[in-house]
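Participant:
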Amino acid sequence: MAEAGLLDLDADIRRYFPEFPDKGATITARQLLSHTSGIRHYRGSESLRNEHFAGPVPSMSIFKDDPLEHAPGEK
């Protein structure tokens, strides 16, 4: 998608998902892909959920209301 010009890896993810709450810092697709966004990982058995999400917006419900674990790009 990036090579086709459909995704700017360094743009704020809220450009593509305005439903994601403002965390006070820019989070990019590049940071999401490299696990450096500050968004937490799954906790406990969350990764074992056998639930179909209708798209990316409903799937954000797991993480969207949690604070960042660190500043995006910091770790």
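2 is the number of the first residue of the sequence shown in our numbering; add one for each residue after it.
Using N, Cα and C, we set each Cβ at its ideal position, and we do this for glycine too.
So is S35 buried or exposed if we call it buried at 16+ other beta carbons inside 10 Å?
Facilitator: Numbered from its first residue, the sequence shown carries residue 35 at position 34. Taking all protein chains in view, the Cβ of S35 is surrounded by fewer than 16 other Cβ atoms within 10 Å, so the residue is classified as exposed.
Participant: Could you spell out where the alpha helix (DSSP H) holding L34 opens and where it closes?
Facilitator: Your numbering for residue 34 matches position 33 in the sequence shown. Note, L34: alpha helix (DSSP H), A30 to L34.
Participant: Would the stretch 11 to 31 count as touching the stretch 57 to 73 if we require 3 or more Cβ pairs under 8 Å?
Facilitator: yes
Participant: Nearest-angstrom Cα distance between S46 and A30?
Facilitator: Looking up residue 46 in the sequence shown gives position 45. Looking up residue 30 in the sequence shown gives position 29. Distance between the alpha carbons of S46 and A30: 25 Å.
Participant: Taking the continuous alpha helix (DSSP H) assigned at S60, which residues delimit it?
Facilitator: As a position in the sequence shown, residue 60 is number 59, starting the count at 1. Residues P57 to S60.
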